[in-house]
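**Q**
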Amino acid sequence: MKQLIVNWLATILRCDELCHATDVISALHLRKKMVVGKNLKSHMRLSALARRNSLVSPSLDLTKAKGLRVRFNIHLLVFGIGLYGLMLLSSCQKIEYTVIDSPAYLRVFNSLNTQHTMEAKGDTLSYLAMLINPELDGNGIPVGADILGDFLDQRDGYAPPYPSHIGVSTSQHNPEYPGKENVLVGPVLNGFDLSSWAQVPSGQLRVMFVYRPKNSVGFFDLSSDFRKDILIDTILNLESQEVYTLNVVLKDMLTREKTIVMRQELFHKIPLSDSLVYINFYNYSAKGFVDADISHKTPTGSRLRHLFQQGIRDTMNVFISLYKGQQDFINERDGIILQNSTVASPYYFQRYFTTLRHNNFSESVSEYVSFPLWVRDDEDGISTDLWQRLYFLSPGANMDQNPFDEHAAFYNSLDGGLVDNANGNFAAINFLRNGPKIYVPEASCVGCNIYRYHAGLNFPNLVVSIHSGEHNPRSFATINTVEVINGQAYLMTIQRQYAPPVLY
Amino acid sequence: MEKITLSKMKLHLFMALGLVSLLGLGSCQKPEILLYQQNEEVRSVGDFLNNNFNYTLFSAALEYTGLLDTLRGVGPFTVFAPDDNAFNRIGIQRPSDFAQMDRDSLRYVLAYHIVPNARLMMADFPDDEIDRRYETLAQSSLYASKAVLSNASGRGYFISASANIHFYVSGATVKDSDFVLSNGVVHTLTKMMKPFPGVTVRDWLASRTEYSTFVAGLKKFGLWDELAAEGPNTVFAPSNEVLAEHGITEESISEMDVSDYVGARLFGAYIIYGNQYFIRDYEFYVYNQMQHWYLNPLRDDEEYNQIFMGKFYFNYNASLDMLGSQFFLQDYFDATIDYSLAISKRTTPYYYFSSLATDLVDFLGGGASESIYMPDARRHYNVGVNMYRNDNLCDNGLVHEIHSVLVLPEEALIEED
Chain W
0 MKQLIVNWLA TILRCDELCH ATDVISALHL RKKMVVGKNL KSHMRLSALA RRNSLVSPSL
60 DLTKAKGLRV RFNIHLLVFG IGLYGLMLLS SCQKIEYTVI DSPAYLRVFN SLNTQHTMEA
120 KGDTLSYLAM LINPELDGNG IPVGADILGD FLDQRDGYAP PYPSHIGVST SQHNPEYPGK
180 ENVLVGPVLN GFDLSSWAQV PSGQLRVMFV YRPKNSVGFF DLSSDFRKDI LIDTILNLES
240 QEVYTLNVVL KDMLTREKTI VMRQELFHKI PLSDSLVYIN FYNYSAKGFV DADISHKTPT
300 GSRLRHLFQQ GIRDTMNVFI SLYKGQQDFI NERDGIILQN STVASPYYFQ RYFTTLRHNN
360 FSESVSEYVS FPLWVRDDED GISTDLWQRL YFLSPGANMD QNPFDEHAAF YNSLDGGLVD
420 NANGNFAAIN FLRNGPKIYV PEASCVGCNI YRYHAGLNFP NLVVSIHSGE HNPRSFATIN
480 TVEVINGQAY LMTIQRQYAP PVLY
Chain X
0 MEKITLSKMK LHLFMALGLV SLLGLGSCQK PEILLYQQNE EVRSVGDFLN NNFNYTLFSA
60 ALEYTGLLDT LRGVGPFTVF APDDNAFNRI GIQRPSDFAQ MDRDSLRYVL AYHIVPNARL
120 MMADFPDDEI DRRYETLAQS SLYASKAVLS NASGRGYFIS ASANIHFYVS GATVKDSDFV
180 LSNGVVHTLT KMMKPFPGVT VRDWLASRTE YSTFVAGLKK FGLWDELAAE GPNTVFAPSN
240 EVLAEHGITE ESISEMDVSD YVGARLFGAY IIYGNQYFIR DYEFYVYNQM QHWYLNPLRD
300 DEEYNQIFMG KFYFNYNASL DMLGSQFFLQ DYFDATIDYS LAISKRTTPY YYFSSLATDL
360 VDFLGGGASE SIYMPDARRH YNVGVNMYRN DNLCDNGLVH EIHSVLVLPE EALIEED
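Residue numbers (numbering that gives the first Met the number 0), protein chains in the order written: chain W, 0 to 503; chain X, 0 to 416.
1. According to DSSP, simplified to helix, strand and coil, what is residue 218(X)?
2. As an exercise, report each continuous alpha helix (DSSP H) stretch of at least 4 residues that is fully enclosed by the stretch 5-34 of chain X, in chain order.
3. Along the alpha helix (DSSP H) that carries residue 200(X), what are the first and last residues, could you check?
4. Buried or exposed: which applies to residue 77(W), given that a residue is buried once 16 or more other Cβ atoms fall within 10 Å of its Cβ?
5. Measuring CB to CB, does residue 374(W) end up less than 7 Å from residue 343(W)?
6. Please report how far the alpha carbon of residue 404(W) lies from the alpha carbon of residue 304(X), in whole angstroms.
7. So, is the C-beta of residue 298(W) closer than 7 Å to a C-beta in chain X?
8. Indicate whether residue 86(X) and residue 112(X) have their beta-carbon atoms separated by less than 7 Å.
9. Starting from residue 240(X), trace the beta strand (DSSP E) in both directions and tell me its first and last residue.
10. Quick one: complete beta strand (DSSP E) runs, 3+ long, within the stretch 232-256 of chain W?
11. Does DSSP classify residue 21(W) as helix, strand or coil?
12. Would you check if the distance between the CB atom of residue 247(W) and the CB atom of residue 259(W) is smaller than 7 Å?
13. Classify residue 15(X): buried if its beta carbon has 16 or more other beta carbons within 10 angstroms, exposed otherwise.
14. What residue range is occupied by the uninterrupted beta strand (DSSP E) comprising residue 149(W)?
15. From the DSSP output, read off the bridge partner residues of residue 192(W).
16. State the DSSP-derived secondary structure class of residue 53(W), mapped to helix, strand or coil.
17. Starting from the C-beta of residue 113(W), find all residues in its chain whose C-beta is less than 7 Å away, skip the five residues before and the five after it, and write them out in chain order.
18. Cutting at 7 Å between CB atoms, please list the residues of its own chain near residue 509(W), excluding the five before and the five after it.
19. Using CA atoms only, rank isn't needed, just tell me which of 105(W), 306(W) and 270(W) is closest to residue 429(W).
20. Where does residue 298(X) fall in DSSP's three states?
21. Comparing the C-beta of residue 128(X) with each C-beta of chain W, is any distance below 7 Å?
22. In terms of residue numbering, what span does the beta strand (DSSP E) encompassing residue 475(W) cover?
23. So the candidates are 410(X), 413(X), 274(X) and 387(X); which of them puts its Cα closest to the Cα of residue 401(X)?
24. For the alpha helix (DSSP H) that contains residue 55(X), what are its first and last residues?
25. Quick check on the DSSP output: the alpha helix (DSSP H) that includes residue 47(X) runs from which residue to which?
26. Would DSSP call residue 386(X) helix, strand or coil?
27. Which class does residue 411(W) belong to by DSSP, given the choice of helix, strand or coil?
28. Tell me which same chain residues have a C-beta within less than 7 Å of the C-beta of residue 292(X), skipping the five on either side of it?
29. Would you mind telling me which residues of chain W sit closer than 9 Å to residue 276(X), beta carbon to beta carbon, in chain order?
30. Any chance you could list the beta strand (DSSP E) runs of at least 3 consecutive residues sitting entirely within the stretch 75-99 of chain X, in chain order?
31. Does the contact criterion of 3 or more C-beta pairs under 8 Å hold for the stretch 194-214 of chain W versus the stretch 175-185 of chain W?
32. Quick check on residue 104(W): buried or exposed, where buried means 16 or more other Cβ atoms within 10 Å of its Cβ?
33. Taking residue 131(X) as the query, report the chain W residues whose CB atoms sit under 8 Å from its CB, ordered along the chain.
34. Pick from 279(W), 450(W) and 392(W): whose alpha carbon is nearest that of residue 336(W)?
35. Where do the ends of the beta strand (DSSP E) carrying residue 338(X) lie?
36. Which residues of chain X have a Cβ atom closer than 7 Å to the Cβ of residue 124(W), listed in chain order?
Okay, structure coming up:
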């Protein structure tokens, strides 16, 4: 048996029966080298070896061996090319990119934020799905759409310039469209960051908003019973490369009619200085909201947190105060206590800013008003600890003789919360921290540790201060929009492009 | 060099194949991998209910009406099963008690507890939504309400409760959920749902003699007919004994002169027009919206309001004063927790903003309890003393039982200006 194998190997290697084992092995070794490296020398060694041992007939000469080698090489070559080609082809994938020609930029907010109280039990929970260019089946139930904005929850208080809620989100609820959706978004247009605006095809679009149950099933996977409740079905005209912001709002408190307000933004077209902070204001509250009884606006017994919850009157004067100094310490339970804020400039203390008019049917754009980023003479032009406060006051009262207390009585005997006796004539916003309550030391008793709650709605600072290049922090001005809708105000911030940071 | 003959070629081929096949034998091993074997002996819903000590009465009722075999069949079914305790509370102790009941109406009620063609786990019911309708085997809809409690909802309250999800179907609380079986899923209820098909609120009241005084009062003041209209309305019906305690009987009603009394207050106080409320809806709104009480101005009576609320505890931390406090909610699986309906000139419950005794005069009937939130009252009532007599679901509204008089005749006199 062993002899048989040796004979077989010997024949393969062109040795005959007299082939010695060691020579076979060394021949094998050399042969391997020959296959891999086309080593002429080893080939010659093989021949020499063969000749020495008379393993091969003298008739085996180089050419023949060369022929053998060539044959081998051709095989190797073909095999090698084939393998390489296969590798090349398999790694080649064609990725389909969605491209929208001549897009318009759209941002959608679900601003149906009236509270679901027990008295209004019949109201549907405002959890929507937005369908653009939907396809309906025979019964009028949507079964497909070009663009789907699903899980559209009520709007968040702060709409950031770029979709930062993607990174911190733990649920599928989307506070805006595009929000967390993975869709094409706007570029930096004329220096303004539009990454929170989705690209949609321009021209005529059929837009449909449908109520959907608040669970994690995708809209088209819901049973058809749950896709029937259509809220709004309308046609919008969007022009190419224009920026639009759309709000779904309650139009009338009594009839509960709901509608869409879409405005075409202008901030990328008007000359805006980069050392001024701009704001404009809208009031998209429902008709009759401020006059309605409090039990229709907030769940009875639940405490008010800020003065907008009662609503604001149809015409309000807006006043601005600028402060410097943001040092605070965290209150044990639920807020911050301001330590060292001072008025930035006497010119910017409760100064008249603009007038806010109720306009939830018009699609006009409010004018932008501004305040400077650098207020005092001693600013370094790099960073500032400026923060802002806005007051909304009915015409007829002025800030000097304001009958309302911004440190409104915080009802402290029960679970807290303020008693709003302003009836919609007064409200305040602090642009300092997003969310936490703000307490200020009682002015009349210095060092007493008595703090008064400030009844303002709290938003992030309009001045963005971040680490930029060699400056940490550096302050940047922004463009902002404040929308007062029913019992809540909302802030939308847009960032602009600056020159790249100076790096060391 | 010897020539390679054909036979040698064959030999080589043969040897090569032989070697290769040896390789094949060597590397091929088949180890036994034990995969997790799912239990193929999962029972059907019918068998589960039949063999479970907690549902003996429910399964006896199902068997009596022939539905148990349906539940053994091809599903999927979603079954809301009241446990034995729920039946005991309404006086059914043994399976034989069902034999005395009308089979068809019992069948309807039991079919109302089954949602066919769907296996709905608790997570499949939408969050924060009240009264979403699901078609049952009885061809009418049940109302599912699920409140999801979230401490991170930014409300600024700290809430301590034993469960974060509060799930109610047609007024009954779902105690345990998601028992998955081969042809469906079972959720446990704390009491039976009570649908009355084809019966309006008016018919329901008329057919029950224990409310005859109340019915007489409604008829006298012209509030009777609209209880057969579309509604929906919610009626809190006082029984004859309760009314008689304060001198309101059918004779006294027949002697009343309609023009002397504000009927909308005297008897209209017991009706909430325009909406149908299960008792548990109050809990839903407490958990979902932190709504402390329900306020409804009385129809046709400008002075008084209806306030509906339940009992919960409040823990005020005096040392922290204005900085918010903890707020505890008691869990309501028990029928003895109080709910109350009060008639008041104020829009807040007594003791909410003040505890002046003089404010009491603004309250007429109302529930009493040691809790500071209950609208204090001169007459005691509790809607919730017997939860099992509430949540009677009629075609055009709901009827609950109330255990006290809300308004005395002398309080409803029209004042002469």
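Ideal Cβ positions, reconstructed from N, Cα and C, are used throughout, including at glycine.
**A** With the given structure in hand:
1. Position 219 of the second sequence, counted from the first residue, corresponds to residue 218(X). Helix.
2. 5-26
3. On the second sequence, residue 200(X) is found 201 positions in, with the first residue counted as 1. Residues 200-205.
4. Taking the first sequence and counting its residues from 1, the one referred to as residue 77(W) is at position 78. Exposed.
5. By one-based count along the first sequence, residue 374(W) stands at place 375. By one-based count along the first sequence, residue 343(W) stands at place 344. Yes, the Cβ-Cβ distance between residue 374(W) and residue 343(W) is below 7 Å.
6. Here residue 404(W) is taken as the residue at index 405 of the first sequence, counted from 1. Here residue 304(X) is taken as the residue at index 305 of the second sequence, counted from 1. About 31 Å.
7. Walking along the first sequence from the start, residue 298(W) turns up at place 299. With 7 Å as the cut-off, residue 298(W) counts as an interface residue toward chain X.
8. Along the second sequence, read from residue 1 onward, the residue named residue 86(X) stands at position 87. Along the second sequence, read from residue 1 onward, the residue named residue 112(X) stands at position 113. Cβ atoms of residue 86(X) and residue 112(X): not closer than 7 Å.
9. Residue 240(X) sits at position 241 when you count from the first residue of the second sequence. No beta strand (DSSP E) contains residue 240(X), which is instead part of the alpha helix (DSSP H) from 239-244.
10. 242-249
11. As a working mapping, residue 21(W) is identified with position 22 in the first sequence. Here residue 21(W) scores only 48 on pLDDT, less than 50, and its place in the model is too uncertain to base an answer on.
12. Your numbering for residue 247(W) matches position 248 in the first sequence. Your numbering for residue 259(W) matches position 260 in the first sequence. Cβ distance < 7 Å, so residue 247(W) and residue 259(W) count as in contact.
13. As a first step, residue 15(X) is located in the second sequence; it is residue number 16 there, counting from the start. By the 10 Å Cβ count, residue 15(X) comes out exposed.
14. Here residue 149(W) is taken as the residue at index 150 of the first sequence, counted from 1. Run containing residue 149(W): 141-151, per the beta strand (DSSP E) assignment.
15. Taking the first residue of the first sequence as 1, we reach residue 192(W) at position 193. DSSP output for residue 192(W) lists 187(W) as bridge partner(s).
16. Taking the first sequence and counting its residues from 1, the one referred to as residue 53(W) is at position 54. With a pLDDT of 46 at residue 53(W), under the threshold of 50, the predicted position of this residue should be treated as unreliable, though the coordinate-derived value follows. Looking at residue 53(W) - three-state DSSP - the assignment turns out to be coil, as it is neither helix nor strand.
17. Counting from 1 along the first sequence, the entry for residue 113(W) is found at position 114. Only 249 and 485 meet the Cβ criterion.
18. Within the shown structure, residues of chain W are numbered from 0 to 503, placing residue 509(W) beyond reach of any answer.
19. For the purposes of this step, residue 429(W) is identified with residue 430 of the first sequence, where counting begins at 1. It is 306(W) whose Cα lies nearest to the Cα of residue 429(W).
20. Start at 1 with the first residue of the second sequence, and residue 298(X) comes out as number 299. DSSP places residue 298(X) in coil when its eight states are reduced to three.
21. Here the question's residue 128(X) lines up with position 129 in the second sequence. Residue 128(X) counts as touching chain W.
22. Within the first sequence, residue 475(W) is the residue found at index 476, counting from 1. Element bounds for residue 475(W): 470-475.
23. Along the second sequence, read from residue 1 onward, the residue named residue 401(X) stands at position 402. For the residues 410(X), 413(X), 274(X) and 387(X), the minimum Cα distance to residue 401(X) belongs to 387(X).
24. Taking the second sequence and counting its residues from 1, one reaches residue 55(X) at position 56. 55-64 is the extent of the alpha helix (DSSP H) around residue 55(X).
25. The residue given as residue 47(X) occupies position 48 in the second sequence. 44-49 is the extent of the alpha helix (DSSP H) around residue 47(X).
26. As a working mapping, residue 386(X) is identified with position 387 in the second sequence. Looking at residue 386(X) - three-state DSSP - the assignment turns out to be helix.
27. Within the first sequence, the letter at position 412 stands for residue 411(W). Since pLDDT at residue 411(W) reaches only 39, below the 50 mark, its modelled position is unreliable, and no value is offered.
28. For the purposes of this step, residue 292(X) is taken as the residue at position 293 of the second sequence. Closer than 7 Å at the Cβ level, and outside the excluded window around residue 292(X), lie 306, 307, 308 and 348.
29. By 1-based counting over the second sequence, the position of residue 276(X) is 277. By Cβ distance, chain W contributes 117 and 120.
30. 76-81
31. yes
32. Along the first sequence, read from residue 1 onward, the residue named residue 104(W) stands at position 105. Per the 10 Å Cβ criterion, buried.
33. Stepping through the second sequence from its first residue, residue 131(X) is reached at position 132. Ordered by position in chain W, the residues that pass the 8 Å Cβ test against residue 131(X) are 212.
34. The residue given as residue 336(W) occupies position 337 in the first sequence. With distances taken between Cα atoms, residue 336(W) lies closest to 450(W).
35. The residue given as residue 338(X) occupies position 339 in the second sequence. Residues 338-343.
36. For the purposes of this step, residue 124(W) is taken as residue 125 along the first sequence, with counting starting at 1. Simply 127 and 128.
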